[in-house]
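Residue 1 is where the sequence shown starts when you use our numbering, and the numbers rise one by one after that.
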Amino acid sequence: MFSEERWLENEKKCAVVRKPKPGRKRQELLAVALGVKVHTFRGPHWCEYCANFMWGLIAQGVRCSDCGLNVHKQCSKHVPNDCQPDLKRIKKVYCCDLTTLVKAHNTQRPMVVDICIREIEARGLKSEGLYRVSGFTEHIEDVKMAFDRDGEKADISANIYPDINIITGALKLYFRDLPIPVITYDTYPKFIEAAKISNADERLEAVHDVLMLLPPAHYETLRYLMIHLKKVTLNEKDNLMNAENLGIVFGPTLMRSPEDSTLTTLHDMRYQKLIVQILIENEDVLF
């Protein structure tokens with residue numbers, strides 16, 4: 001067993017801490033909701049929805065970051081947001097919206113999640129302190145660059161990275177780098193409220209109800225991860241990692257408050273841990 005304070009101190013030493021810019025999360029939520037971002041076009045452009053000219057010198061319209069559709073700001077409200085992302089526009093794996101990535105590659109989950117988990121289960125389930133012990137930051141960044149550069153062809157085998165903690169660190173970094181967390185900003189407060197329910201059966205039912213609100217790609221990624229983490233706990237005798245310990249590690253990794261408040265983050269930490277612990281212990285019932 002280890003304390004939340006000790007783990008946080010270790011994470012600060014071994015990982016790069018990224019502080020969000022003011023208002024960043026609100027902008028990310030809006031961008032994902034609409035599927036578009038305000039864009040300044042060079043030269044004359046016409047709206048691909050209404051076919052009318054886009055007036056102005058700057059910020060004439062919006063461009064879909066997935067498929068490249070160019071439309072007026074007002075027209076964007078009428079364009080379906082279920083477009084098929086263009087792989088040519090997906091420049092990297094990390095920091096890419098989860099739904100965009102799986103739609104672009106036509107997969108259920110991000111391939112980085114599948115590849116890392118397969119590697120961890122093949123050679124790391126009995127490793128002491130799995131997911132708690134941090135690998136070298138520069139090596140974790142190397143894995144990140146390999147995925148961004150080579151995609152599913154990235155080599156993360158033991159021949160290249162013998163320390164399994166580098167692979168677990170790369171997986172945790174992937175989740176931390178998501179612009180919208182696996183447990184999305186809009187479901188976050190609902191999960192926190194569910195965690196506060198004292199009755200265990202009612203709490204479990206409330207957690208299940210909120211899970212149903214997650215986007216398909218987020219739900220499937222979370223389901224797959226919880227199945228994996230359950231396997232980790234089955235090897236607790238060797239790796240010393242139970243559901244509570246994993247909850248401490250993955251709580252702030254999978255869940256981030258929409259509010260940029262340190263006080264809120266500290267207050268919610270125990271509920272974040274509890275939610276992940278519940279998901280691991282009841283993965284066969286909840287998913």
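All residues carry an ideal CB built from backbone N, CA and C; glycine is no exception.
Of the residues the options, the one placed nearest residue i, counting alpha carbons only
{"i": "Asp-284", "options": "Ser-257, Leu-214, Leu-204 and Arg-256", "result": "Leu-204"}
{"i": "Asn-282", "options": "Arg-223, Pro-258 and Thr-262", "result": "Arg-223"}
{"i": "Asp-142", "options": "Ser-134, Arg-132, Ala-154 and Thr-99", "result": "Ala-154"}
{"i": "Tyr-271", "options": "Ala-194, Leu-211 and Arg-42", "result": "Ala-194"}
{"i": "Ser-64", "options": "Asp-209, Arg-118, His-39 and Asp-177", "result": "Reading the sequence as shown, one finds Cys at residue 64 and not Ser. Ranking the options by Cα distance to Cys-64, first place goes to His-39."}
{"i": "Val-207", "options": "Leu-234, Leu-171, Phe-53 and Gln-277", "result": "Gln-277"}
{"i": "Leu-213", "options": "Val-182, Glu-236 and Lys-91", "result": "Val-182"}
{"i": "Glu-138", "options": "Ile-166, Lys-237 and Ala-158", "result": "Ile-166"}
{"i": "Lys-172", "options": "Tyr-94, Ile-275 and Leu-263", "result": "Tyr-94"}
{"i": "Ala-200", "options": "Gly-43, Leu-279 and Lys-91", "result": "Leu-279"}
{"i": "Leu-178", "options": "Ala-51, Lys-273 and Thr-99", "result": "Thr-99"}
{"i": "Glu-119", "options": "Ser-157, Asn-70 and Thr-265", "result": "Ser-157"}
Residue(s) in a DSSP beta bridge with residue i
{"i": "Gly-61", "result": "His-39"}
{"i": "Asn-159", "result": "Paired residue(s): none; Asn-159 is not in a bridge."}
{"i": "Val-71", "result": "Val-62"}
{"i": "Phe-53", "result": "Trp-46"}
{"i": "Met-255", "result": "Ile-183"}
Where residue i falls: helix, strand or coil (DSSP)
{"i": "Asn-282", "result": "coil"}
{"i": "Tyr-271", "result": "helix"}
{"i": "Tyr-188", "result": "helix"}
{"i": "Ile-90", "result": "coil"}
{"i": "Glu-119", "result": "helix"}
{"i": "Gly-23", "result": "No answer about Gly-23 holds up, because its pLDDT of 44 lies below 50 and its placement is not dependable."}
{"i": "Lys-196", "result": "coil"}
{"i": "Leu-225", "result": "helix"}
{"i": "Asn-245", "result": "helix"}
{"i": "Ala-33", "result": "Any answer about Ala-33 is weak, because its pLDDT of 43 lies below 50 and its placement is not dependable; what the coordinates show is given next. Here Ala-33 sits in helix by DSSP."}
{"i": "Val-276", "result": "helix"}
CB contact flag (residue i, residue j, <9 Å)
{"i": "Pro-258", "j": "Tyr-185", "result": "yes"}
{"i": "Tyr-174", "j": "Pro-216", "result": "no"}
{"i": "Ile-275", "j": "Ile-192", "result": "yes"}
{"i": "Cys-116", "j": "Ala-170", "result": "yes"}
{"i": "Val-210", "j": "Thr-233", "result": "no"}
{"i": "Asp-148", "j": "Lys-91", "result": "yes"}
### Message
Please give me, in chain order, every unbroken run of the beta strand (DSSP E) with length at least 3 that falls completely inside the segment 122-148.
### Response
Considered as a whole, the segment 122-148 harbours no complete run of any beta strand (DSSP E) with no fewer than 3 residues.
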